[in-house]
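Working notes, structure below.
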Amino acid sequence: MIAVEAEDSACFAAAMEAKEPVDLDYVGSFADGVAVKRIGKETFRVASQHCDGVVTVSSDAICAAMQDIFVSMRAISEPSGALSLAGMKKWCETNNAKGLNLAGVLSGANLNFNTLRYVAERTALGQKNEALLAVTLPEETGSFKAFCKALSGRPITEFNYRYAHGKIAEIFVGVGLRNGDEELEQLKVHLQECGYGFSDISDNELAKLHIRYMVGGKPGTALNERLFRFDFPEYPGALLRFLETLGAKWNISLFHYRNQGAAIGNVLAGIEVPEEDFAEFAEHLEQLGYQFTEETDNLSYQRFLR
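Numbering (our numbering), first residue to last: 47 to 352.
What follows is the structure, given as structure tokens:
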């Protein structure tokens, strides 16, 4: 019998280590049904006698387990309900366990609908189907396209960038994976061979909760920038094709993309267009074949990004 707890509310694991109930300094609330600061004295006595071990799992792993339950049963559990499955998966992976008959207790499905947004965002990371990277690129025309090609056909799930005055660009990028950690290590080696500087931020909670939404701000210098929203059919390689179609004559100064699992992909792009190129650029946009909307005069853009 294996006990399972969320990493940020593991009161039983802490008590087992201390050999007595202790207070946690912090209690996470994602798996709120099991969010306890201090395990009860009698609960600890009984659990410590009958449990053969304890496994702790991350919020991302819980989200992945919720998806597993949905795919299998078309039912949605609460985070605490999926805890046992998340722990079972981790225990099997850690112990290389195969061919066993295992059972987990699904304790509840009292789900707040707003929680689904967080679950959907974090599931790919929990399943090891996505990696988040902070990558340094040369601040020059064509760098985005070259980087996309360096991914060797792997899908880009997220791409955040804002021009900053200087010779290098920092991008926040999500990359889809088919073979989890093994493929991620292969990708890292390949990017190093291509000369890219990068950091793996897949386990960086600040990056996942906040930084991904805050990449940007106002550029350090005045730009002849125009802002557009583009819609394009979502399929493998669609983002690279979009960049190739857009061409390399005009510099991209802002870029935001997130794969939402929909049939249509949405890109927000800032493009530097000198006034003398306006007519040529307008003609080029019409020839692209993508639906687009200019947002240069949008209030939110003018206030926060211009």
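Where is the CB? At the ideal position from N, CA and C, for every residue including glycine.
Since the model is a prediction, treat every value here as computed from it, not as a measurement.
| Check | Outcome |
| --- | --- |
| Skipping 5 residues on each side, what residues in its chain have a beta carbon closer than 6 Å to that of residue 113? | 169 |
| Can you check which of these residues, 130, 205, 222 and 91, is closest to residue 61 by C-alpha distance? | 91 |
| Please report how far the alpha carbon of residue 74 lies from the alpha carbon of residue 100, in whole angstroms. | 18 Å |
| Classify residue 295 as buried or exposed, calling it buried when 16 or more other Cβ atoms lie within 10 Å of its own Cβ. | exposed |
| Do residue 154 and residue 126 have their beta-carbon atoms positioned less than 8 Å apart in this structure? | yes |
| Go ahead and pull the three-state DSSP assignment for residue 270. | coil |
| Whose C-alpha, out of 253, 270, 236 and 239, is nearest the C-alpha of residue 206? | 253 |
| With distances taken between CB atoms, is the gap from residue 48 to residue 133 smaller than 8 Å? | yes |
| Taking Cβ positions, are residue 298 and residue 315 nearer each other than 8 Å? | yes |
| Do residue 70 and residue 103 come within 8 Å of each other at the CB atom, strictly closer than that value? | no |
| Tell me whether residue 313 is buried or exposed, calling it buried when 16 or more other Cβ atoms sit within 10 Å of its Cβ. | buried |
| Determine, using beta carbons only, whether residue 226 and residue 204 come nearer to each other than 8 Å. | no |
| Taking the C-alpha atoms as reference points, what is the distance between residue 238 and residue 279? | 31 Å |
| Which value, in whole angstroms, describes the spacing of the CA atoms of residue 76 and residue 319? | 46 Å |
| By alpha-carbon positions, which one of 143, 273, 164 and 105 ends up nearest to residue 249? | 105 |
| How many whole angstroms separate the CB atoms of residue 301 and residue 288, which I take to be in contact at a CB cut-off of 8 Å? | Between residue 288 and residue 301 the Cβ distance is about 10 Å, and since that is not below 8 Å, they are no contact. |
| Compare the Cα-Cα distances from residue 224 to each of 282, 81 and 270 and report the closest residue. | 282 |
| Applying the 10 Å Cβ sphere with the 16-neighbour rule, what's the burial state of residue 163? | exposed |
| Expressed to the nearest angstrom, what Euclidean distance is found between the alpha-carbon atoms of residue 241 and residue 199? | 18 Å |
| Roughly how many whole angstroms lie between the Cα atoms of residue 167 and residue 64? | 35 Å |
| How close, in whole Å, do the beta carbons of residue 353 and residue 195 come, if the pair is a contact with beta carbons under 8 Å? | Outside the modelled stretch of the chain, which goes from 47 to 352, sits residue 353, for which no answer is possible. |
| Straight-line CA distance for residue 85 to residue 139? | 27 Å |
| The alpha helix (DSSP H) with residue 70 in it runs from where to where? | Here residue 70 belongs to no alpha helix (DSSP H), and DSSP marks it neither H nor E. |
| Closest to residue 78 by C-alpha separation, out of 52, 188, 343 and 175, would be which residue? | 52 |
| With distances taken from CA atoms, which of 304, 213, 303 and 326 is nearest residue 293? | 326 |
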